[in-house]
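Asker: One structure, as structure tokens, below. Some questions next.
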Amino acid sequence: MRYLDAIDIDQWLELAPQVEIWLAEKLGKPTNGIFTVEEYWKRWSDNKTVKILPEIIAGESRKQEAEKVKQFLNKKAQELIFLGLLYFFKLFFIIYHLHIEILDDCRQM
6 MRYLDAIDID
16 QWLELAPQVE
26 IWLAEKLGKP
36 TNGIFTVEEY
46 WKRWSDNKTV
56 KILPEIIAGE
66 SRKQEAEKVK
76 QFLNKKAQEL
86 IFLGLLYFFK
96 LFFIIYHLHI
106 EILDDCRQM
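Going by the working numbering, the first residue of the sequence shown is number 6, and it counts up by one from there.
Here is the structure:
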């Protein structure tokens with residue numbers, strides 16, 4: 006067993022900013038406008054006016070675009086171009102599929 010004190014944890018978090026942001030979110034601490042994929046989706050989709058479901062934007066009708074994102078994330082494509090979508094839809098679409106890729110990778114471990 007290894008004992009970690011607050012200084013060890015602080016130094017480790019400085020070397021792993023993604024973990025630092027995740028931990029800050031879990032502890033309810035400010036993240037200065039930087040969010041994990043999960044928190045970004047939660048804030049964007051679960052607003053007071055309308056609840057946005059992933060299937061609305063990333064459903065069956067978007068299979069071709071989803072494949073483009075997958076190829077880009079797997080470095081099989083050099084660029085990622087979307088036409089006709091609003092900026093926040095493009096951003097969400099990429100974040101949604103990045104989240105799906107991360108979940109798939111975790112399931113394979």
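Ideal Cβ positions, reconstructed from N, Cα and C, are used throughout, including at glycine. What you are looking at is a predicted structure, and each value in this text was computed from that prediction instead of being measured.
Find out if the Cβ-Cβ distance for the pair Trp27, Ile100 is shorter than 8 angstroms.
Answerer: The answer is no: Cβ separation not under 8 angstroms.
Asker: Note down, in chain order, each residue of its chain lying with its Cβ closer than 6 angstroms to the Cβ of Ser50, except the 5 sequence neighbours on either side.
Answerer: Excluding sequence neighbours, Ser50 sits near Ile57.
Asker: Tell me, please, which residues DSSP counts as bridged to Lys53.
Answerer: For Lys53, which the question treats as bridged, DSSP gives no partner whatsoever.
Asker: Exposed or buried, what is Glu70 when buried is set at 16 or more other beta-carbons lying within 10 Å of its beta-carbon?
Answerer: By the 10 Å Cβ count, Glu70 comes out buried.
Asker: Measure the alpha-carbon distance for Leu103 versus Thr54 and round it to whole angstroms.
Answerer: Those two C-alpha atoms are separated by around 26 angstroms.
Asker: Got a sec, what are the start and stop residues for the alpha helix (DSSP H) Pro22 sits in?
Answerer: Residues Pro22 to Leu32.
Asker: Under DSSP, the alpha helix (DSSP H) around Leu78 begins and ends at which residues?
Answerer: Lys68 to Leu78 is the extent of the alpha helix (DSSP H) around Leu78.
Asker: Buried or exposed: where does Arg7 fall if 16 or more other Cβ atoms within 10 Å of its Cβ makes it buried?
Answerer: Classification for Arg7: exposed.
Asker: When the Cα atoms are used, what is the spatial distance from Gln16 to Lys81?
Answerer: Looking at the two C-alpha atoms, the distance is approximately 36 angstroms.
Asker: Go through its chain and collect everything with a Cβ distance to Gln23's Cβ below 6 angstroms, but skip five positions before and after it.
Answerer: Result list for Gln23: empty, nothing under 6 angstroms.
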